[in-house]
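Please read the structure below before turning to the comments.
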Amino acid sequence: MKIKAFPEQREETRFEDIYLSYFSKMKYFAKEYVISEEDAENIVQDVFVELWENKKMLNMHMNLIAYLFTTIKNKCLNHLRHKLVVQETASKLQEEYTISLRMNLDSLEAFDNNLFSDQDIEKIISRALDTLSEKCRTIFIMSKIEGKKQKEIAQELNISINTIETQMGIAYKKLRIELKDYFPILLFILCL
């Protein structure tokens with residue numbers, strides 16, 4: 171179907187005629203591919219917004235059906251590509267989360283705290299803490315074992331909060347390595 175220029179017809183009227191004639195057909199076409207009725211409607215609305223923004227096209231001799239088909243097809247393709255990327259990303263995140271849960275489950279199942287007495291656990295923690303520098307160990311003990319706030323530690327040791335944060339980061343890294351075989355103990359300490 172070719173649209174002819176009708177000077178007496180206003181752009182709004184021509185646009186309205188095109189909208190009323192093709193909206194439902196275009197929506198049906200889009201829905202066949204994007205499945206969701208809401209997505210299909212949004213895509214078709216976008217096509218008509220673009221057509222309205224380029225009103226001069228309404229006055230041109232062109233194959234309107236070819237234009238609408240090409241535009242709706244391209245918008246559906248873009249929509250499907252985007253959905254696919256989102257879905258693949260969600261799947262990867264879900265897979266990583268599942269792996270993390272499995273590792274946590276395996277770690278807890280494998281850790282038998284009956285194998286360790288309270289003294290054994292204290293020795294393990296003490297050995298791990300001994301790998302830290304004196305400053306780092308002091309800050310870690312004050313924070314995690316004595317339960318002091320960073321501000322209190324900073325005042326008591328006459329150091330900045332930034333130094334405390336840096337030293338705590340170092341402590342976490344080293345303790346993670348030292349207590350890798352005792353992950354539940356490490357996690358418990360870090361949660362204190």
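One gets the numbering used here by counting positions in the sequence shown from 1 and adding 170 to each. For each residue, glycine too, the CB sits at the ideal point set by N, CA and C.
Pairwise C-alpha distance: ASN233 and GLU127: Not covered by the structure: residue 127. The range shown for the chain is 171 to 362.
Host alpha helix (DSSP H) of ASP187 (start-end): Here residue 187 refers to the residue found at position 17 of the sequence shown. First-last of the alpha helix (DSSP H) with ASP187: 181-204.
Nearest-angstrom Cβ-Cβ length linking LYS318 and ILE331, presumed shorter than 8 Å: By 1-based counting over the sequence shown, the position of residue 318 is 148. By 1-based counting over the sequence shown, the position of residue 331 is 161. Actually they are not in contact, since the Cβ atoms of LYS318 and ILE331 sit about 12 Å apart, beyond 8 Å.
Contacts around TYR192, its chain only, beta-carbon distance under 7 Å, and the 5 residues preceding and following it disregarded: Taking the sequence shown and counting its residues from 1, one reaches residue 192 at position 22. Within the same chain, Cβ atoms closer than 7 Å to the Cβ of TYR192 are found at LEU238, the five residues on either side in sequence being excluded.
Sequence-distant residues of its chain with Cβ nearer than 7 Å to VAL204 (five each side left out): As a working note, residue 204 is residue 34 in the sequence shown. ALA210, ILE213, CYS246, HIS249 and LEU250, listed in sequence order.
Where ASN233 sits in the DSSP three-state scheme: Along the sequence shown, read from residue 1 onward, the residue named residue 233 stands at position 63. The answer is strand: DSSP assigns ASN233 an E or B state.
Unbroken alpha helix (DSSP H) run spanning THR336, endpoints: For the purposes of this step, residue 336 is taken as residue 166 along the sequence shown, with counting starting at 1. Run containing THR336: 331-348, per the alpha helix (DSSP H) assignment.
Whole runs of the alpha helix (DSSP H) within the segment 207-264, excluding any shorter than 4 residues: Runs found: 207-223.
Host alpha helix (DSSP H) of LEU327 (start-end): Indexing the sequence shown from 1 puts residue 327 at position 157. Unbroken alpha helix (DSSP H) run through LEU327: 320-327.
THR259 versus GLY339 - alpha carbon distance: In the sequence shown, the residue the question calls residue 259 occupies position 89. In the sequence shown, the residue the question calls residue 339 occupies position 169. Roughly 30 Å separates the two Cα atoms.
9 Å Cβ cutoff met for LEU299 and LEU263: Locating residue 299 in the sequence shown gives position 129, counting from the first residue. Locating residue 263 in the sequence shown gives position 93, counting from the first residue. Contact: no.
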